[in-house]
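A short worksheet on the structure shown next.
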Amino acid sequence: MRGERWLLRVGEFLVGRAARHLPAAARVERYQEWAAELPVILGDPEIKPAAARAARMLWFAADTVRGAALGPGPARRGGAHRGAASMGKDARWLGVGAALLTGLAVLLAILAFIVYYDIFICSASLAGYVSSLLSYSLASLVGCLLWRRPGGAGRYWFGAGVLAAVAGGGAAHLAGHLGWGHPLLFTLISACGYAVCAACISVAGAIVIRSARRDRRLGMQERSDREQLRGPARACRPSCRFRMPLMPRR
Amino acid sequence: MTAPLQRVLRAFLEDPAAPRYGYDLMKAAGLPSGTLYPMLARLEDQKLVTSAWETPQAGGERPRRYYQLTGEGIRVARLELAQVRAGQLRAPVRLGRAAPGSL
Chain A
1 MRGERWLLRV
11 GEFLVGRAAR
21 HLPAAARVER
31 YQEWAAELPV
41 ILGDPEIKPA
51 AARAARMLWF
61 AADTVRGAAL
71 GPGPARRGGA
81 HRGAASMGKD
91 ARWLGVGAAL
101 LTGLAVLLAI
111 LAFIVYYDIF
121 ICSASLAGYV
131 SSLLSYSLAS
141 LVGCLLWRRP
151 GGAGRYWFGA
161 GVLAAVAGGG
171 AAHLAGHLGW
181 GHPLLFTLIS
191 ACGYAVCAAC
201 ISVAGAIVIR
211 SARRDRRLGM
221 QERSDREQLR
231 GPARACRPSC
241 RFRMPLMPRR
Chain B
1001 MTAPLQRVLR
1011 AFLEDPAAPR
1021 YGYDLMKAAG
1031 LPSGTLYPML
1041 ARLEDQKLVT
1051 SAWETPQAGG
1061 ERPRRYYQLT
1071 GEGIRVARLE
1081 LAQVRAGQLR
1091 APVRLGRAAP
1101 GSL
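Chains as they are written, first to last, in our numbering: chain A, 1 to 250; chain B, 1001 to 1103.
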């Protein structure tokens, strides 16, 4: 069958995902068992045509994910057998999600009203509004992130981006009012200002994300060091304290 | 006893001495993999089913895992299915999720 190798890979990927839900002791065995069934299903002469066999094989692989998620093991957090503690945590996340969605809906309603008013009543340009909205949304998002994480180079990039947007937009606005030069020139200046702003804010966002990752890694290292000091590793050489027993990457 | 479990036990009891692999049982019992394998794991934990790996083949294919009812498994399966049959004759059977630790 053409594409059999790729189908098997997809199936193996799915059963691999399913196996991750299982306790560590059963993971490898189950993966091998399920992966061994895939070529058998794909070559089953009782199922015709070949597309049906492929569908059956993929269905087999996909359903192992469901079965594994409902069983005991690390998947318990996402499955049907959740404890009271995780249910409380889930409820909290649901609350946070609902609040965020409500806030977003209110914000969008306000923005829609402003856009409607300006475009249909004051006859402003739609493209300008869309670009402004995107810039302001991005700026607000990065601003929130920076507010949560004070300090760092991200702040400077964010400031530079806002400055570029204000300078570009202000110059175009002023020139329009005073009637300097060709309007297209100042529209271009304004667009350039927004582009620089978007680029600066993207850099700021990247810096924030990178620093968050680094902090998490350092936190993990610190925690593992603390655990080692507390555990039996306290008795070993001082250099052992600085070994970082990270989980192997899967 | 749940209906899927009855189907699996019936599939095993068609030929109790024959080792069956997962896909074969899936076809015989008409169950999806997500239902069958957790059930087999549970039966194995209860020592009603035993499993063994196929010897590796020359073609480089992955070895499969075969399942078979144990002696105790055959006895329990026959008894449970007989009880279900007797219950069906008396009154409509209530099918539901098995309590943990029971069939």
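Cβ coordinates follow ideal geometry from the N, Cα and C atoms, glycine included.
Review point. Leaving out five residues before and five after residue 1021 of chain B in sequence, what residues of the same chain have Cβ atoms less than 6 angstroms from its Cβ?
Key: Taking the second sequence and counting its residues from 1, one reaches residue 1021 of chain B at position 21. The answer, listed in chain order, is 1064 and 1066.
Exercise for review: Examine the Cβ distances between the region 46 to 53 of chain A and the region 96 to 103 of chain A and report whether three or more of them are shorter than 8 angstroms.
Suggested key: no
**Study point:** Integer Cβ distance of residue 1069 of chain B from residue 1077 of chain B, believed to fall under 8 angstroms
**Key:** Translated into the one-based positions of the second sequence, residue 1069 of chain B becomes position 69. Translated into the one-based positions of the second sequence, residue 1077 of chain B becomes position 77. Right, their Cβ atoms sit about 6 angstroms apart.
Review point. Going straight from the alpha carbon of residue 11 of chain A to that of residue 193 of chain A, what length do you get?
Key: The sequence position of residue 11 of chain A within the first sequence is 11, counting from 1. The sequence position of residue 193 of chain A within the first sequence is 193, counting from 1. Distance between the alpha carbons of residue 11 of chain A and residue 193 of chain A: 49 angstroms.
**Study point:** residue 33 of chain A classed as buried or exposed, judged by whether at least 16 other C-beta atoms fall within 10 angstroms
**Key:** Your numbering for residue 33 of chain A matches position 33 in the first sequence. Buried: at least 16 other Cβ atoms inside 10 Å.
Review point. Is there contact between the region 53 to 72 of chain A and the region 24 to 40 of chain A, where contact requires at least three CB pairs shorter than 8 angstroms?
Key: yes
Review point. What does residue 1085 of chain B reach in chain A if we use C-beta pairs closer than 7 angstroms?
Key: Against the second sequence, residue 1085 of chain B aligns to sequence position 85. Within 7 angstroms Cβ-Cβ: nothing; residue 1085 of chain B doesn't reach chain A, min ~28 angstroms.
Point to revise | Residues that residue 23 of chain A contacts on chain B, provided the C-beta gap is smaller than 7 angstroms | key: Residue numbering aside, residue 23 of chain A sits at position 23 when the first sequence is read from its first letter. Neighbours of residue 23 of chain A on chain B: none; closest Cβ ~10 angstroms, over 7 angstroms.
Check your understanding: Which term fits residue 113 of chain A, buried or exposed, when burial requires 16 or more other beta carbons within 10 angstroms of its beta carbon?
Key -> Residue 113 of chain A sits at position 113 when you count from the first residue of the first sequence. Residue 113 of chain A comes out exposed.
Review point. So is residue 1005 of chain B buried or exposed if we call it buried at 16+ other beta carbons inside 10 Å?
Key: On the second sequence, position 5 is the one that residue 1005 of chain B refers to. With 16 or more Cβ atoms within 10 Å of its Cβ, residue 1005 of chain B is classed as buried.
Check your understanding: How many angstroms separate the CA atom of residue 23 of chain A from the CA atom of residue 201 of chain A?
Key -> Sequence index remark: in the first sequence, residue 23 of chain A carries index 23 (1-based). Sequence index remark: in the first sequence, residue 201 of chain A carries index 201 (1-based). Rounded to the nearest angstrom, the two C-alpha atoms are 43 angstroms apart.
Point to revise | Coil, strand or helix - residue 1052 of chain B by DSSP | key: Within the second sequence, numbered from 1, the residue matching residue 1052 of chain B stands at position 52. Of the three classes helix, strand and coil, the one that applies to residue 1052 of chain B here is strand, per DSSP.
Point to revise | With 16 other Cβ atoms within 10 Å as the buried cut-off, status of residue 80 of chain A | key: As a first step, residue 80 of chain A is located in the first sequence; it is residue number 80 there, counting from the start. Model confidence at residue 80 of chain A stands at a pLDDT of 42, short of 50, so the residue's coordinates are unreliable and nothing is read from them.
Point to revise | Close Cβ partners of residue 1051 of chain B (< 8 angstroms) along its chain, the five nearest in sequence each way excluded | key: Residue numbering aside, residue 1051 of chain B sits at position 51 when the second sequence is read from its first letter. Taken in chain order, the residues that qualify are 1040, 1044, 1065, 1066, 1067 and 1068.
Practice item. Name, please, each residue of chain B whose Cβ falls closer than 7 angstroms to the Cβ of residue 67 of chain A. Key: The residue given as residue 67 of chain A occupies position 67 in the first sequence. Neighbours of residue 67 of chain A on chain B, chain order: 1033, 1034, 1035, 1037 and 1038.
Exercise for review: Evaluate residue 209 of chain A with the Cβ neighbour count: other Cβ atoms within 10 Å of its Cβ, from every protein chain shown; 16 or more gives buried, anything less gives exposed.
Suggested key: For the purposes of this step, residue 209 of chain A is taken as the residue at position 209 of the first sequence. Classification for residue 209 of chain A: exposed.
Check your understanding: Does any CB atom of chain B fall closer than 8 angstroms to the CB of residue 33 of chain A?
Key -> Your numbering for residue 33 of chain A matches position 33 in the first sequence. At least one chain B Cβ lies under 8 angstroms of residue 33 of chain A.
Exercise for review: Report yes if the CB atom of residue 168 of chain A is closer than 8 angstroms to the CB atom of residue 189 of chain A, and no otherwise.
Suggested key: The residue given as residue 168 of chain A occupies position 168 in the first sequence. The residue given as residue 189 of chain A occupies position 189 in the first sequence. Against a cut-off of 8 angstroms, the Cβ pair of residue 189 of chain A and residue 168 of chain A comes out as a contact.
Point to revise | Under 7 angstroms from the C-beta of residue 60 of chain A: neighbouring residues of chain B | key: Your numbering for residue 60 of chain A matches position 60 in the first sequence. Correct list: 1033.
Exercise for review: State buried or exposed for residue 21 of chain A, treating a residue as buried only when at least 16 other CB atoms are found within 10 Å of its CB.
Suggested key: Taking the first sequence and counting its residues from 1, one reaches residue 21 of chain A at position 21. It is buried - the Cβ of residue 21 of chain A has at least 16 other Cβ atoms within 10 Å.
**Study point:** Given residue 1003 of chain B as reference, the closest of B:1030, B:1060, B:1062 and B:1061 once Cα atoms are compared
**Key:** Residue 1003 of chain B sits at position 3 when you count from the first residue of the second sequence. Minimum Cα distance to residue 1003 of chain B is reached at B:1030.
**Study point:** 8 angstroms Cβ cutoff, residue 49 of chain A in contact with chain B
**Key:** The residue given as residue 49 of chain A occupies position 49 in the first sequence. No, because no Cβ of chain B sits closer than 8 angstroms to the Cβ of residue 49 of chain A.
**Study point:** Contiguous beta strand (DSSP E) assignments of at least 3 residues, all confined to the region 1001 to 1061 of chain B
**Key:** 1049 to 1053
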